[in-house]
Amino acid sequence: MPRFWRGDSSNTHDQANLNFLCMKNFRPVFRNYCSPDDITVVATQKLPVVHNIATEDPNLALMIDEQCEQELPEFTAITDDYDDYDVSNSFHTLEKGNDVAVYDGKFFSPTRDMIAIAGGAFVVGLGILAYYVLRYVTNVVMARMVAPETYGVYDEVIAVTVVCGWTAKLGLDNVLLRLVPNYRIHGQYSLIHGLFRFTLAMTLVVSTALGTALFVFAPQISLRFYHNMAYSVPLRELSVLIPLQSLQFLLAASLQAFKAIRWKMLIDRLLQPLVTFIALMIFCLFQWTMETLSAATITGFVCTVAIGWLALILVKRRMTLKAPATYQPGYWSIITLPMFLNVLLLGIIESTSMLLLGAFSSPLQVAGYQNAERVASFVSIPTTALCIAFSPRVVEYFTHRRMEELARLYKLVTRWSFAFSLPLFLWVMVFHQAILLTFGASYTNVALVMIMIALGLLVFSLLGPAGYLLTMVARPRLILINSAIISLIDFGLLWFLIRYQGALGAGYAFVLMILMMYGLNFLQVYRFLGMQPWSREMHKPVLAGAAATLIGLSLLHVIGQTPTPLLPLEQIAAMLTFFIAYSLIIFLLRFSSEGYLVLTALLHWLVRLSLRVYATGRRILRSFDC
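Counting in this note's numbering, the sequence shown runs from 406 upward without gaps.
Spelled out as structure tokens, the structure:
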């Protein structure tokens, strides 16, 4: 690590550099060594490494290479919170060890960044887990509240609004993710303000137009596409979701661009299902059917968008400086066009299965596939969480051409993604019957569909990080070409397989689509960047998963399938034993050095969180005592 030195305020050259730093609003502070006013040079005395020299303010130290016995021609400043300050004009490359490199004003440490990513992913993962649990519980309540056919109609209409809402954002969320970190690095706050206004205006106009069109043409869509007028009223009722969904997507991407991961998870994952579930319980008192589902869903999105807007205002004020908005509509439009086409194609890929099931199969098939997808989506939680925290780091490493550190970080993210996703896939495969029974006996026939979707998401854990990496650094034209090719192939597969095999055909097509789409991204990352994420460490999750699967199957054989009052509790106990066995075997096989660091950091974060919750609880109890 670099050493920290004192400067000489009597030296004209040193004073000039010190004044340069002061003009950049950096205040040199030498904690435990001397006061800010007493800056004396000791050219041969090396001070100990200081890891925590920065305070909440941008308090900086002056630093030179520890291998040099004389002052460098220029002072160099470093801050502990390096993400928030741009001092690239005064930085030189100082040292590159096994894990740390300092370049153009940034610390680049894959292990340190992996710890930060793991912490962010842990928060994101908790949010996604809570979201999926709430969504799962809500779907169970909905499936038991109404007939399977009615529930299938509702799911189909939601799929239509998601496609329209996904289209209405025009890919502007990805534009925000690409440009905002770059603008922040260069201090271009005027462009940040202008970009937010531009994206908001475009999204509102397009989403409102699509919502109005769906409301007006709902009867024609119901008759000509679904051949069932039962879709007409739900399409009109839920057309208001299109602008709400597109705004939610945009707000979540904006918060992610500012690395406000906690706010993003609250807005994107927690509020909407929680408010929807509460509204569902309230509206049930009126004994509505389809109207209950529609009203609860709309209420959830309205609350989410309102709170998300307030959160974005607070985050922007904290992370940017006041500046008049500057616009580059031509440049932004050039980036937006391929992003829009890419997003449109991705939306078609994700929702075509539901749309074609509604057209070629019964609403019961739609409801069964939707429930299977809801359960299988738990497998994607680790990969999604890690990649959300990983994406902003990709931009920083790639911008500063730190390809070696980026490759190492890519490997770490993929390894942890697979290690956490594999037990979830095996859980779905081993306990599929017990899981589907929670929706009702009418849905147990989609077990194979659920396993196929879970298999596709396990493949996503191995290849998905390559897709996120390519999205952040590749040219938009390449991303567009990839999406166009995959969407055409996927549409053809779905058209053929759903017509002959229904929901099971959609499951087969999903696995093939994941293999083609992310396999292509994986090959392109290897071809253009020379990176591949797999290593020998990945055999450990496979061994642990095989052993845990044998334990789970043995427990199910002992428990049996005979309905008894204690059967649900016995199945839950078997599931817990399965996960504990996997964790213990992974631990016995030993982590890598980075794994131990990440695990220690997560345990430390958990302890701090527990203490904070405990302190908050005590304060609340004391307030009641008063």
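All C-beta atoms, glycine included, are put in the ideal place defined by N, C-alpha and C.
Simplified DSSP state of residue i, which is helix, strand or coil
i: Y551; result: A small fix is needed here, since residue 551 is Val in this sequence, not Tyr. Note: V551 maps to coil in three-state DSSP.
i: N850; result: helix
i: Q906; result: helix
i: Y732; result: coil
i: S766; result: coil
i: Q937; result: coil
i: P973; result: helix
i: K816; result: helix
i: L841; result: helix
i: Q966; result: coil
i: A781; result: helix
i: Q653; result: helix
i: N633; result: coil
i: L994; result: coil
i: A716; result: helix
i: Q593; result: coil
i: A665; result: coil
i: K574; result: coil
i: F622; result: coil
Rounded separation between residue i and residue j - CA only
i: S699; j: E642; result: 7 Å
i: A614; j: V568; result: 14 Å
i: P553; j: H837; result: 20 Å
i: A824; j: N850; result: 29 Å
i: T756; j: W939; result: Per the sequence shown, residue 756 should be read as Ser rather than Thr. Cα to Cα, S756 sits roughly 31 Å from W939.
i: S627; j: V638; result: 9 Å
i: L863; j: N887; result: 21 Å
i: A839; j: A781; result: 14 Å
i: R674; j: I533; result: 6 Å
i: G872; j: L769; result: 34 Å
i: V680; j: A701; result: 8 Å
i: A953; j: G1022; result: 37 Å
i: F865; j: I1025; result: 43 Å
i: L874; j: V930; result: 8 Å
i: V1018; j: L671; result: 18 Å
i: A949; j: L827; result: 10 Å
i: R1036; j: L971; result: Since the displayed the chain opens at 406 and closes at 1031, residue 1036 lies outside it and no answer follows.
i: V492; j: P973; result: Confidence at V492 is low in this model, with a pLDDT of 32, below 50, so its placement is unreliable and the value that follows should be read with caution. Spanning the two alpha carbons is a distance of roughly 59 Å.
Residue from the options with nearest C-alpha to residue i
i: I890; options: L690, G763 and M922; result: M922
i: L676; options: E696, Q661 and A711; result: A711
i: L899; options: A859, R1027 and S758; result: S758
i: S822; options: S785, L575, G845 and V707; result: S785
i: G935; options: M634, E810 and L671; result: E810
i: L799; options: D895, V707, F706 and P586; result: First, the amino acid is wrong: residue 799 is Val here, not Leu. If we check each option's Cα against that of V799, P586 comes out closest.
i: I964; options: A979, L955 and L993; result: A979
i: L760; options: F527, V562 and E975; result: V562
i: P624; options: M634, L960 and G616; result: M634
i: I884; options: L893, L920, N926 and T843; result: N926
i: V542; options: Y802, G705, Q593 and T843; result: T843
i: Q861; options: V878, L831, T876 and M877; result: It should be noted that the sequence gives Gly, not Gln, for residue 861. The option with the nearest alpha carbon to G861 is L831.
Cβ-based neighbour list, residue i, same chain, cut-off 7 Å, excluding 5 preceding and 5 following
i: F630; result: A764
i: L619; result: C569, L640, S644 and I647
i: S847; result: P553
i: G845; result: A548 and R549
i: A852; result: H837, Q838 and L841
Chain D within 9 Å of residue i, Cβ atoms only
i: V545; result: The chain inventory of the structure shown lacks chain D, comprising one protein chain alone.
Own chain, CB closer than 6 Å to residue i, minus 5 neighbours either side, in chain order
i: S767; result: none
i: S612; result: A573, I647, P648 and S651
i: M918; result: D895
Cutoff 8 Å; reference residue i; Cβ partners in own chain excluding five residues on either side
i: V707; result: L649
i: S1028; result: none
With three or more beta-carbon pairs closer than 8 Å as the criterion, would you say the stretch 781-798 touches the stretch 941-961?
A contact is defined here as three or more CB-CB pairs under 8 Å, and the stretch 781-798 fails this definition with respect to the stretch 941-961.
Would you call the stretch 769-779 in contact with the stretch 901-917, where contact means no fewer than 3 C-beta pairs closer than 8 Å?
By the C-beta criterion, the stretch 769-779 is judged to be in contact with the stretch 901-917, since at least 3 inter-stretch pairs fall below 8 Å.
Using 8 Å as the cut-off, can you tell me whether the stretch 649-665 makes contact with the stretch 581-592, which would need three or more C-beta pairs spanning the two stretches below that distance?
Inter-segment contact for the stretch 649-665 and the stretch 581-592 is present: three or more beta-carbon pairs are separated by less than 8 Å.
contact_flag[the stretch 551-566, the stretch 597-606] where n(CB pairs < 8 Å) is 3 or more:
Remark: fewer than three beta-carbon pairs, one from each stretch, lie closer than 8 Å, so the stretch 551-566 and the stretch 597-606 are not flagged as touching.
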